[in-house]
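Structure, as structure tokens:
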Amino acid sequence: MVPRKRYTQKNGHGHGHGPSHKQMTKELHHILRNNGNNSENIIYSEDDYNSNDGMLTTVWGPSMWHCLHTISFNYPVHPSESDKKHYREFILNLEYVLPCGKCRKNLRKNFKKLPLEAKDMESRATFSKYIYDLHEVINTMLKKKSGLSYADVRERYEHFRSRCTKSPKNIKKKTLKMVKKKKHVRFAKPLSVTEEKGCTEPLYGEKSKCVLQIVPQEKKCESFQMDKNCIKKRGESI
């Protein structure tokens, strides 16, 4: 059995029970550098990993807004005082954690332009409208135009709520199976799609998932793209 290495700290903060931050970082880097075939994929140095430079807003910004809008449209319709407190603190604390120093400073300024007040926390409608307005304030600052109204954004994000949906492809397969089965069973009662799954008013469309794609900054494309098959429809005939 190989004896476990005992670490001692030279800064006087501890009693030899664990590694220092410097030792842990050094060993972790050593492990990554010597992790078989993966070592050839490591192109950055320890200085790079410890850089104080912020992250590219063009990379994390769109996904951050997507997350914020999703959170806002899932805010409780009738929030408790605890809900209001936690959601409000989450938004306000972004000015301390955004991965870009300039963005943190700008967000502070934008909070002064558009304060997050108690009235904004009263319902899902008021909170999601505030996030939409904040996004528009920042778009204006960046000289961007979304071209979307609050109603447009609310309708867009409702597609992503977890609810009873029907895939046209699956429904067609089930219908064929039911037709074949009916040929062999006399007086069988035909089952409707709603009876089979219990949905009284189903929506039709494919279930969605998000795929993050990093592209060259010069490439002209929309930062939000949604497959037409993921757009839900109500009462669509099969």
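Quick note, the numbering used here runs 14 ahead of the 1-based positions in the sequence shown.
Glycine included, every Cβ here is placed at the ideal spot set by N, Cα and C.
Model, not experiment: these values are computed from the prediction.
Taking every protein chain shown into account, the CB of residue 145 has 16 or more other CB atoms within 10 angstroms, so this residue is buried. Using a 10 angstroms sphere on the CB of residue 219, the tally of other CB atoms reaches 16 or more, which defines it as buried.
Rounded to the nearest angstrom, the gap between the Cα atoms of residue 161 and residue 154 is 12 Å. Inclusion of residue 151 and residue 119 in the CB contact set at 7 Å is not warranted, their separation being larger than that value. For residue 121, the three-state secondary structure derived from DSSP is helix. In this model, residue 158 and residue 38 are separated by some 44 Å (Cα to Cα). A check of alpha carbon separations from residue 123 across 134, 133, 110 identifies 110 as the nearest. Note on geometry: alpha-carbon atoms of residue 56 and residue 69 lie some 19 Å from one another. The three-state reading of DSSP puts residue 247 in strand, counting E and B together.
In this structure, the alpha-carbon of residue 232 lies about 43 Å from that of residue 93.
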